[in-house]
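Going by the working numbering, the letters in the sequence shown line up with residues 225 to 473, in that order.
Structure record follows, encoded as structure tokens.
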Amino acid sequence: MYTSNVDLDRVPAHVAIIMDGNGRWANARGLSRNAGHEAGEQALFDTIEGALELGVSELTVYAFSTENWRRPQDEVRFLLEFNESLLLRRLDELDERDVRVTFIGRRERRVPRRLIRRMDESMAKTARNTTMTLRIAFNYGGQAELVDAARRVAEDHAAGRLKRIDDRAIAARLYDPDMPPVDLLIRTSGEQRLSNYLLWQAAYAELVFTETLWPDFTRMDLAQAVHEYQARDRRFGKAVDKVITVRSQ
Ligand code: IPE
Ligand code: IPE
Ligand code: MG
């Protein structure tokens with residue numbers, strides 16, 4: 225079984241993925257970048273199956289960043305339409321797998337109304353599913369999220385609804401206040417940066433970078449990343465004394 229090197233009792237509860245490398249995957253095959261995005265769909269669904277098999281309870285994927293508007297107009301338009309069509313075509317399947325679908329990101333005018341409506345319908349239809357939460361970060365940026373939270377903190381403070389400005393006050397005003405901290409953050413395609421992803425929630429995440437381009441990523445790669453995670457020593461700032469056996473000469 226491909227999960228045999230994973231300890232199923234210590235699976236990270238929350239896995240976040242930066243699905244990167246679609247463009248390079250396509251370029252290497254002489255295809256358009258958009259064909260690379262299309263090829264990423266089966267990687268996403270295989271990863272979802274893998275997460276379900278491992279017993280991951282939250283999977284948060286980066287689909288479109290607040291910086292991705294800087295791409296050529298036809299690629300931006302393609303990504304907007306592709307995400308909408310993906311929800312339309314595959315929501316029933318996610319619902320049957322008892323997956324709750326939810327979204328984080330800025331809901332602003334340049335996000336088409338039709339897509340927003342599709343997101344709302346997807347959330348409503350799957351709201352009662354409990355096996356896993358699939359959270360799609362769309363028009364998401366960690367800095368934008370913190371700015372939006374800070375604005376709400378200021379408003380609530382001025383209106384007398386909030387007294388203490390502390391970490392809980394901010395956490396409660398993020399896009400999804402129920403979102404647990406990220407345990408494992410995976411980025412594909414060899415890039416080793418956060419690109420504005422989950423800046424607050426990934427504060428103590430273990431980071432795993434893989435050379436695999438996103439369209440080639442499978443549940444096997446997910447299991448491998450979880451295996452790497454399980455070899456890490458999570459400290460959360462505490463001092464950890466370890467018994468080190470020193471062999472005498
Ligand atoms: C990730 O693949 C998908 C999105 C950012 C939407 P890229 O399109 O960034 O692929 P590369 O990094 O150019 O290979
Ligand atoms: C991050 O990837 C955003 C998504 C995967 C949606 P990018 O490819 O946009 O990130 P940079 O520009 O290489 O940092
Ligand atoms: Mg990229």
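Don't be surprised by glycine CBs; every beta carbon is placed ideally from N, CA and C.
Bear in mind that the values here come from a model prediction, so they are computed numbers and not experimental data.
Whether residue i touches residue j by CB criterion (7 Å)
i      : j      : result
ILE360 : ALA287 : yes
TRP438 : GLY247 : no
LEU339 : GLU369 : no
GLY366 : LEU423 : yes
ARG342 : GLU308 : yes
ASN363 : ARG330 : yes
LEU283 : VAL235 : no
ARG456 : GLU435 : no
ALA396 : LEU386 : no
ALA250 : ALA259 : yes
LEU446 : GLY279 : no
VAL406 : ALA426 : yes
MET356 : SER256 : no
Own chain, CB closer than 6 Å to residue i, minus 5 neighbours either side, in chain order
i      : result
MET347 : THR326
Host beta strand (DSSP E) of residue i (start-end)
i      : result
ASN363 : 356 to 364
ALA263 : Premise fails: ALA263 lies in the alpha helix (DSSP H), 257 to 278, not in any beta strand (DSSP E).
ALA240 : 238 to 242
Sequence-distant residues of the same chain with beta carbon closer than 7 Å to residue i, five excluded per side
i      : result
ASP231 : GLN454
ALA351 : ARG324
GLN416 : PHE433
Residue i Cβ short of 6 Å to ligand 2 heavy atom set
i      : result
ILE328 : no
TYR286 : yes
SER204 : Because the chain is modelled from 225 through 473, residue 204 falls outside the range shown and cannot be assessed.
SER419 : yes
Residue i: CB within 6 Å of a non-hydrogen atom of ligand 1
i      : result
ARG294 : no
GLY247 : yes
Residue i CB to nearest heavy atom of ligand 5 below 6 Å
i      : result
ASP244 : Ligands present in the displayed structure are limited to ligand 1, ligand 2 and ligand 3, and ligand 5 is not among them.
Sequence-distant residues of its chain with Cβ nearer than 8 Å to residue i (five each side left out)
i      : result
MET243 : GLY264, ALA267, LEU268, VAL285, TYR286, ALA287, THR412, TRP438 and PHE441
ILE389 : VAL377 and HIS381
Run of the alpha helix (DSSP H) containing residue i, from where it starts to where it stops
i      : result
ALA250 : 246 to 251
**Message:** As an exercise, report each continuous beta strand (DSSP E) stretch of at least 3 residues that is fully enclosed by the region 287 to 374, in chain order.
**Reply:** 323 to 328 and 356 to 364
**Request:** List in chain order: all unbroken beta strand (DSSP E) runs of 3+ residues lying wholly within the region 383 to 444.
**Result:** DSSP runs (the beta strand (DSSP E)) wholly in the region 383 to 444: 408 to 411 and 430 to 433.
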